[in-house]
Amino acid sequence: TDDPEWWRGAVIYQIYPRSFQDSNGDGIGDLAGIAARLPYISSLGIDAIWISPFFTSPMKDFGYDVADYCDVDPMFGTLGDFDQVIETAHELGLKVMIDLVMSHTSDQHPWFSNSRKSRDEERSNWYVWADPKPDGTPPNNWLSIFGGSAWQWDARREQYYLHNFLTSQPDLNFHEPAVQEALLDVARFWLERGVDGFRLDTINFYTHDAQLRDNPALAPEKRNATIAPSVNPYNHQEHLYSKNRPENLAFLRKLRAVMEPYGAAAVGEVGDAQRGLEIMGQYTAGTDLMQMCYAFEFLCAVQPTATRIAEVLQTVDELAADGWACWAFSNHDVMRHASRWNLSDAAQRVFATLLMCLRGSVCIYQGEELGLPEADVPFSALQDPYGIEFWPEFKGRDGCRTPMVWDQSGENAGFSTSNTPWLPVSKEHLKSSVAAQEDAPDAVLHHYRRAIALRSEHPALAKGKHADIQVNGTVLSFIRTYEDVAIFCAFNLGEEPAEVNQPAGTWRKLSPDQPLGPIAGAEISRLEAWQSCLLIRE
Ligand code: TEU
Ligand code: CA
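In terms of full-length UniProt numbering, the sequence shown opens at residue 14 and continues consecutively.
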């Protein structure tokens, strides 16, 4: 389809390529593996895939450290393999979004090699270099998300360089016009190759304060009490100057202008514990910035209550009134939500239905549709530098990155023929493999398919407005409206039966032949524990 608004309300399936399907037995997933599994992805009824980075990389952050933006890492295959992914995806009617990591490169990128050589190279100013304070300490108090100062001393240039993430991920200097041009060229390269859009990594980190002012400490009342400073001091600083700078908008406008002739869409990742939705509002306002921003609100540690979800939805309506959110419950950075929220099977189904009823676009992360719990990865098998740094208080991101479980064949559940996949397949996941669930009509996988199908059949669910967001004890309800269609959605997020405020008018059950878990009778004044109900107005 050539609908320029294909992204609005779309269901996007996130693929973590290392862990999806290995096609050549080296224990690492690859592009040919993805191509082979596209029919499965298509069978879910989703609209688009987002593939986490597969570019040339030393893999210190598993591809989020790019050494060549315009080539495929040999580990993942070739540009030809990527062309094959696009071609097959398009044949199946799937859009392809790739993950561009523009805020920083790998320290192995030739741009950085040149920049660190001396202060008079062509690309000397392409990264954020600064002199030490008189006592030799870093230029300011900015912190890295992955631990310690955001500044790394470079003995050759005798200066510090900025890295918001690993020391091996130096930040590009967006105040240098040539940097912006080079990055726009990267976007053009992939658009010319046929991609339909981008997931843009950490867009609120693009620009830093040129005066390098210190960040203030975060006021105690704004702190997340569950995060001790010893675990990650980053969360106790207000990142006023190291990110969210107003100059980001000018670059995002240029990027959008490059995308426009291709009808491409972008979802920008805005990580900010305090101001995420406000920044979403800024970055998705109007029609010349981002189409969508990726929201962290439901990637939270604690299971969101009906009240919390209502509050988030209302805040988006206020702060991003003409913008657009992209929601996710799980991704490659956080504990899988089945475990993070400690969900029963019934709870998991209600949350899946809820996700498919949210105003915004939505992402599901590979294995989420199987209801996989977080895998238990022992320290000895750990790969994630973030986990290694903060173990055991924070166990890192490997537990959500273990290989996809396809069937019961061999040791590796159909993921790989290697004896040593890069992360071990979780034994606990085996019973939930795709093959096992395909044969079980009651499986979570089929529930996801039905919920996704409802969303794509009803534009009201995908892109309708909200009306009447209500909380009644543990019950969240809202009405989604689009043109003259209205759909009432109610979810009991609690362990006890609960009352529902019935909307006025005549309503009938939506697709009674496709029940979303147990649907209550025509009288929906009462929902059982962990039950949802969708009604369409006659
Ligand atoms: O993540 C950005 C980001 O905000 C994460 O650091 C997040 O806060 C953290 O992982 C929570 O556990 C993106 C990518 O998704 C992540 O995989 C990369 O490591 C990071 O950027 C650096 O490129
Ligand atoms: Ca491989």
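Don't be surprised by glycine CBs; every beta carbon is placed ideally from N, CA and C.
Could you give the C-beta distance for C370 and A338, rounded to a whole number, given that I count them as a contact under 8 Å?
-> The Cβ separation is near 14 Å, so there is no contact.
Taking DSSP as the reference, what is the three-state secondary structure of N177?
-> Looking at N177 - three-state DSSP - the assignment turns out to be coil, as it is neither helix nor strand.
Grouping DSSP H, G and I as helix and E and B as strand, with all else coil, what is D389?
-> Secondary structure of D389 (DSSP, three-state): coil.
Alpha carbon to alpha carbon, how far is Q97 from D209? Give it in angstroms, no decimals.
-> Those two C-alpha atoms are separated by around 15 Å.
With contact counted as at least three CB pairs below 8 Å, one residue from each stretch, are the region 396 to 404 and the region 371 to 385 in contact?
-> Segments in contact, no.
Report the option in L523, S538, V85, F504 whose CA atom is closest to the CA atom of A517.
-> Among L523, S538, V85, F504, the Cα nearest to that of A517 is on S538.
Which class does A191 belong to by DSSP, given the choice of helix, strand or coil?
-> If DSSP states are grouped into helix, strand and coil, A191 belongs with the helices.
If we ignore side chains and look at the alpha-carbon of each, how far apart do R31 and Y77 end up?
-> Near 12 Å, if we compare the C-alpha coordinates of Y77 and R31.
Looking at C-beta atoms only, is the number of pairs between the region 231 to 238 and the region 120 to 137 that lie closer than 8 Å three or more?
-> They do not touch, by the three-pair rule.
Indicate the three-state DSSP secondary structure (helix, strand or coil) for Q527 in the structure shown.
-> At Q527, the pLDDT of 47 sits below 50, so the modelled position is not reliable; the number obtained from the coordinates is stated separately. If DSSP states are grouped into helix, strand and coil, Q527 belongs with coil.
Does the beta carbon of L540 sit closer than 7 Å to a beta carbon anywhere in chain B?
-> Among the chains in the structure shown there is no chain B, since it carries only a single protein chain.
Contact set for Q250: own chain, Cβ-Cβ below 7 Å, skip 5 residues either direction | Same-chain partners within the cutoff: L156, N228, A230, L231.
Would you say the region 214 to 229 touches the region 276 to 288, given that touching needs at least three Cβ pairs under 8 Å?
-> Output reads yes: the region 276 to 288 touches the region 214 to 229.
Within its chain, find whatever has a CB closer than 8 Å to the CB of P531; leave out the 5 residues flanking it on each side and keep chain order.
-> In this prediction, P531 scores a pLDDT of 45, lower than 50, which makes its location untrustworthy; the coordinate-derived value is nonetheless stated afterwards. E541, Q544.
Near ligand 2: N37 beta-carbon under 6 Å from a heavy atom = Yes, ligand 2 has a heavy atom inside 6 Å of this Cβ.
State buried or exposed for G42, treating a residue as buried only when at least 16 other CB atoms are found within 10 Å of its CB.
-> Classification of G42: buried, given that the 10 Å Cβ count is 16 or more.
Close-in-space but distant-in-sequence residues of the same chain around I401 (CB under 6 Å, 5 per side omitted) | For I401, where only same-chain residues beyond five positions count, the Cβ hits under 6 Å are L395.
Measure the CB-CB distance between L107 and I62 and report whether it falls below 7 Å.
-> The beta carbons of L107 and I62 sit closer together than 7 Å.
Cα-Cα separation between I158 and Y219, rounded to whole angstroms = So the alpha carbons of these two residues sit roughly 15 Å apart.
Span separating the alpha-carbon of L529 from that of P66 | With a pLDDT of only 49 at L529, under 50, the local geometry of the prediction cannot be trusted, and no value is derived from it.
Below 7 Å between beta carbons: does that hold for H176 and D184?
-> Yes, the pair counts as a contact, with Cβ atoms nearer than the cut-off.
Apply the 10 Å Cβ neighbour rule to A278 and answer buried if 16 or more other Cβ atoms are within range, or exposed otherwise.
-> Only buried fits A278, as 16 or more other CB atoms lie within 10 angstroms of its CB.
Between the C-alpha atoms of L474 and R372, what's the straight-line distance to the nearest angstrom?
-> Looking at the two C-alpha atoms, the distance is approximately 7 Å.
For H103, is the classification buried or exposed, using 16 other Cβ atoms within 10 angstroms of its Cβ as the cut-off for buried?
-> That one is exposed.
If you drop the 5 nearest sequence neighbours on each side, which residues of the same chain put their C-beta closer than 7 Å to that of F75?
-> For F75, same chain residues with a beta-carbon under 7 Å away, outside a window of 5 residues either side, are R31 in chain order.
If you run the structure through DSSP and keep just helix, strand and coil, what is W435?
-> W435: coil per DSSP, three-state reduction.
Can you list, in chain order, the residues of its chain whose CB lies under 7 Å from that of Q361, leaving out five sequence neighbours each side?
-> Once the five neighbours on either side are set aside, the close Cβ partners of Q361 are A351, G384, V457.
Validate contact between the region 428 to 443 and the region 453 to 468 using beta carbons, cut 8 Å, 3 pairs | No, the region 428 to 443 does not touch the region 453 to 468.
Kindly examine ligand 2 and report whether one of its heavy atoms sits closer than 6 Å to the Cβ of I158.
-> Checking every heavy atom of ligand 2 against the Cβ of I158, none is found closer than 6 Å.
For Y296 and T239, the rounded distance between their alpha carbons = Rounded to whole angstroms, T239 and Y296 show a C-alpha spacing of 29 Å.
Around the Cβ of E18, are there at least 16 other Cβ atoms within 10 angstroms (buried) or fewer (exposed)?
-> Of the other Cβ atoms in all chains shown, fewer than 16 fall within 10 Å of the Cβ of E18; this residue is therefore exposed.
Heavy atom of ligand 1 within 6 Å of G518 beta-carbon = No - ligand 1 has no heavy atom lying nearer than 6 Å to the Cβ of G518.
Return the chain-ordered list of same chain residues with a C-beta closer than 8 Å to the C-beta of Q182, the five sequence neighbours on each side being excluded.
-> So the qualifying residues of the chain are K73, D74, Y77, D78, H117, T118, S119, D120, H176.
Is T487 closer than 7 Å to A511 when the C-beta atoms are compared?
-> Yes, Cβ-Cβ distance for A511 and T487 is below 7 Å.
Would you check whether ligand 3 has a heavy atom nearer than 6 Å to the C-beta of D43?
-> Judged by which ligands are present, ligand 3 is missing from the structure shown, whose ligands are ligand 1 and ligand 2.
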